[in-house]
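Line by line, the protein sequences give chains A and B. The first sequence begins at -6 in my numbering and counts up by one. The second sequence begins at -1 in my numbering and counts up by one. Structure record follows, encoded as structure tokens.
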Amino acid sequence: SLSDRLQRVFKELRGEGHLTEFHVDEALKEIRVALLEADVHLQVVKDFIAAVRERAVGQEVLTSFSPAQQVVKIVQDELTRVLGGKAEPLALKKRPAVILLVGLQGSGKTTSAAKLALHLKTVLKKQVLLVPADVHRPAATEQLLTLAKENGLMAFNPKGETDAVARVKAAVKEAKLFGYDVTIVDTAGRLHVDLALMDEVARIAEAASPDEVLFVADAMTGQDVVTSASAFQARLPLTGVILTKTDGDARGGAALSLSTVVGRPVKFVGIGEKVKEFEPFHPDRAASRILG
Amino acid sequence: VKARVSADPKALEALEEALIGGDVGPATASELVEAVRQEVGRKGSADEGLVRRVLREEIERRLSVPAPAPATASGGPRVLMMVGVNGSGKTTTAAKLAARASVAGRSVILAAADTFRAAAIEQLEVWAGRLGIPVIKHRPGADPAAVVHDACTAAKARSADLLIIDTAGRLQTKHNLMEELSKIRRIAGREIPGAPHEVLLVLDAVSGLNGLSQAREFTKSSGVTGLVLTKMDGTAKGGVILAIVRELKVPVKYVGVGETAEDLLDFDAGAFAEAIVN
Ligand SMILES: Nc1nc2c(ncn2[C@@H]2O[C@H](COP(=O)(O)OP(=O)(O)OP(=O)(O)O)[C@@H](O)[C@H]2O)c(=O)[nH]1
Ligand SMILES: Nc1nc2c(ncn2[C@@H]2O[C@H](COP(=O)(O)OP(=O)(O)OP(=O)(O)O)[C@@H](O)[C@H]2O)c(=O)[nH]1
Ligand SMILES: [Mg+2]
Ligand SMILES: [Mg+2]
């Protein structure tokens, strides 16, 4: 584990009253590897290491900790701070508040749409309307309608409307008419390099005027997460992230990369395939996982 | 004595960072760069073009694993099973492989063995409808092993050339789900000797180093005879396959490059190496 590796680094530390530059740099080498192995983006790792170095060098060695433990604590605190720093509740003031889910193919948007609806309904007692707006993937609408039906959630499938933007406009109208509190829009998975589909999602956002645009990312995403999320952010006003499939053993470094680069918080995590397997993001838990 | 020329450390560092950016992981990246540094030293030239070419060749060499002798179906249908974690592209790849075989004049049957996920059966049925290929399915919630059993029976009865089994996505840490996959595999083997002749692990190119854990666990529970790297039409490089191929000696067979039935390429180690180095 990282702690064991750091113990070895600091075995040499004798009689020093403070964390020396040499020892901190040795420790940071181990931390760099641990973060890269956790799939944290390389540039994010570099910036993070620099921030930790600044905080650690010259710090007094506290008698309650070993130097290794002390460095780990600095790293954990800094990770938790970056991951949790910008946390805000969902912007649900407008009626209906519109939440748009976007992201790459297979990341978990459709499942997360149903999960978020169930969460808002049971925890915040909101009236939620689900909108299937993926007109590309085979049986995408059926998938969301099935999840809605199995979990007592309301969904609106605009009859005969095959254009994503038109579907969203019709749904927002329906939500207003029937006094829904929240509308959650599920969109098709798309590559940030697919210009036509990026145009489509920009048009969907323009039509829906969303209060929240959540980037849905798979917890096992590697270095590319920064490229894709930045490209989405260039076209859409991202307000947060949903990190899915955290019930696996992926270290989830993508969470740190996203919080840092997109500058928006992870708001929820998927913790299983069932619709109830969903919870608010816990920065401290995510931090321990990343460190491994 | 010829002076030993060494590659510019800055250039090597840039290569190491490019490799990390391509998801090969820090250990593999430094290993590759070290191999390149040694080879460049031997060659006695530190030309940047040479350094890149040496790296490309090293990557290509590591990925050229001889495919194990394909288990030949002894006169009966050949059985192919798709496995992998949730959302990696199994169903879409099953459709692509079915399309290929169909275009080549082979009779194909699809088995909808994902009986768990919402509209999984409908999704495969849409594809089958587009390709004019029959699907063997049960009701949602049925035992996937029962679907596989019936699909094998149907494949034999109809003298199909190829049976493609689409299974539910599952995270490799879920022991009961991995057990279910072992059971599905056993059932297929009982019905058709030698089945499944091919077990393809479908891996999303966007995956980071968790891909290695996926490959290890799926190899244990269902055996894996080949990898499919999907969504390579994006910007992710899929570098984790280097660690996977090194450890498990299993070849990458196909690459998914889009969402239509034609978007499947045979794996080209040279092209892959080129993309990751540049
Ligand atoms: N284990 C686990 N599986 C999940 C989680 N969230 C989603 N999934 C699964 O991941 C797969 C993909 O989920 P979808 O909701 O279809 O993903 P999507 O982003 O809508 O996919 P596209 O619409 O094709 O882009 C499905 O098998 C889901 O059941 C999670 O938190 N944990
Ligand atoms: N761009 C691109 N998208 C792909 C590729 N392969 C699959 N997809 C998309 O990825 C998403 C998930 O594909 P599926 O085939 O449903 O994945 P799966 O592994 O069967 O998912 P589960 O059954 O839920 O585990 C869909 O939106 C597909 O269209 C590919 O090579 N390129
Ligand atoms: Mg979807
Ligand atoms: Mg599937």
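Every residue gets a Cβ at the ideal spot worked out from N, C-alpha and C, and that includes glycine.
Excluding the five sequence neighbours on either side, which residues of its own chain have a C-beta within less than 7 Å of the C-beta of residue i, listed in chain order?
i	result
B/Q170	V83, M176, S211, Q212, E215, F216
A/R282	R244, G245
B/G187	A193
B/A281	Outside the shown range of chain B, which is -1 to 276, sits residue 281 of chain B, and nothing can be said about it.
Once you ignore the five residues that flank residue i on each side, which residues in its own chain have a CB closer than 6 Å to its CB?
i	result
A/I235	S105, L207, V209, F261
A/P230	V206
A/V91	T176, A201, P203, D204
B/A271	R54, I57, E58
A/L122	M147, F149, A168, Y173, T176
A/K102	L94, G96, D179, V209
B/G221	V197
B/L160	R76, A99, R104, V106
A/D277	T73
Is it buried or exposed for residue i, if we count other Cβ within 10 angstroms and need 16 for buried?
i	result
A/T139	buried
B/N208	buried
A/L55	exposed
B/P7	exposed
A/F58	exposed
A/T155	exposed
A/K86	exposed
B/A27	buried
B/S62	exposed
A/A284	Sequence check: residue 284 of chain A is Leu here, not Ala. With 16 or more Cβ atoms within 10 Å of its Cβ, A/L284 is classed as buried.
B/P24	buried
B/D264	exposed
A/H16	buried
B/G206	buried
So, for residue i: in the same chain, excluding its five sequence neighbours on each side, which residues have a beta-carbon less than 8 Å away from its beta-carbon?
i	result
A/A227	none
B/S100	V106, L129, G130, I131
A/E71	F41, A44, V45, R48
B/T165	M79, M80, V81, K88, A111, D112, P142, L179, I182
B/G224	A65, E196, V197, L198, L199, V248, P249, V250, K251, Y252
A/D(-3)	none
A/T220	H185
B/K41	L48, V52
Report yes if the C-beta of residue i is less than 7 Å from at least one heavy atom of ligand 1; otherwise report no.
i	result
B/Q170	no
B/Q212	no
A/D187	no
B/A342	Outside the modelled stretch of chain B, which goes from -1 to 276, sits residue 342 of chain B, for which no answer is possible.
A/E193	no
B/T165	no
A/Q98	yes
What is the residue span of the beta strand (DSSP E) that residue i lies within?
i	result
A/D(-3)	A/D(-3) -> not in any beta strand (DSSP E); alpha helix (DSSP H) instead, spanning -5 to 3.
A/L123	121 to 126
B/K108	First, the amino acid is wrong: residue 108 of chain B is Leu here, not Lys. Counting along the chain, the beta strand (DSSP E) containing B/L108 begins and ends at 106 to 111.
B/M79	76 to 81
A/A90	90 to 95
B/F114	Neither: B/F114 is in no beta strand (DSSP E) and is coded neither H nor E.
A/E270	Taken as a continuous stretch (DSSP letters only), A/E270 belongs to no beta strand (DSSP E), as it is neither H nor E.
A/T104	Segment 102 to 115 is the alpha helix (DSSP H) holding A/T104; no beta strand (DSSP E) there.
Please report whether the beta-carbon of residue i lies at a distance below 8 Å from any beta-carbon of chain E.
i	result
A/Q136	This model lacks chain E altogether; the protein chains it does include are A and B.
Would you say residue i touches ligand 4, meaning its beta carbon is less than 7 Å from a heavy atom?
i	result
A/A49	no
A/T115	no
A/A31	no
Since residue i is in the alpha helix (DSSP H), which residue starts that stretch and which ends it?
i	result
B/R51	46 to 61
B/I131	That residue, B/I131, is in no alpha helix (DSSP H); it is neither H nor E in DSSP.
B/G187	173 to 189
A/P276	276 to 284
A/L35	35 to 49
A/V286	Outside the displayed range of chain A (-6 to 285) lies residue 286 of chain A, so it cannot be described from this structure.
A/A168	157 to 170
A/P82	Premise fails: A/P82 is in no alpha helix (DSSP H) and is neither H nor E.
B/A5	Per DSSP, B/A5 belongs to no alpha helix (DSSP H) and is neither H nor E.
B/F270	267 to 275
A/I235	Note, A/I235: premise wrong, no alpha helix (DSSP H); beta strand (DSSP E) at 233 to 237.
Confirm the yes/no value for this check: CB of residue i, any heavy atom of ligand 6, distance under 7 Å.
i	result
B/R115	By its list of ligands, the structure shown excludes ligand 6, since it contains just ligand 1, ligand 2, ligand 3 and ligand 4.
Using a Cβ-based criterion (distance less than 7 Å to any ligand heavy atom), does residue i qualify as near ligand 2?
i	result
B/T90	yes
B/N84	yes
B/G139	no
A/V95	no
B/G221	no
A/L184	yes
**Q.** Within 7 Å of ligand 3: residues by beta-carbon to any heavy atom
**A.** A/K102, A/T103, A/D127, A/R130, A/A133, A/Q136, A/D179, A/A181, A/G182
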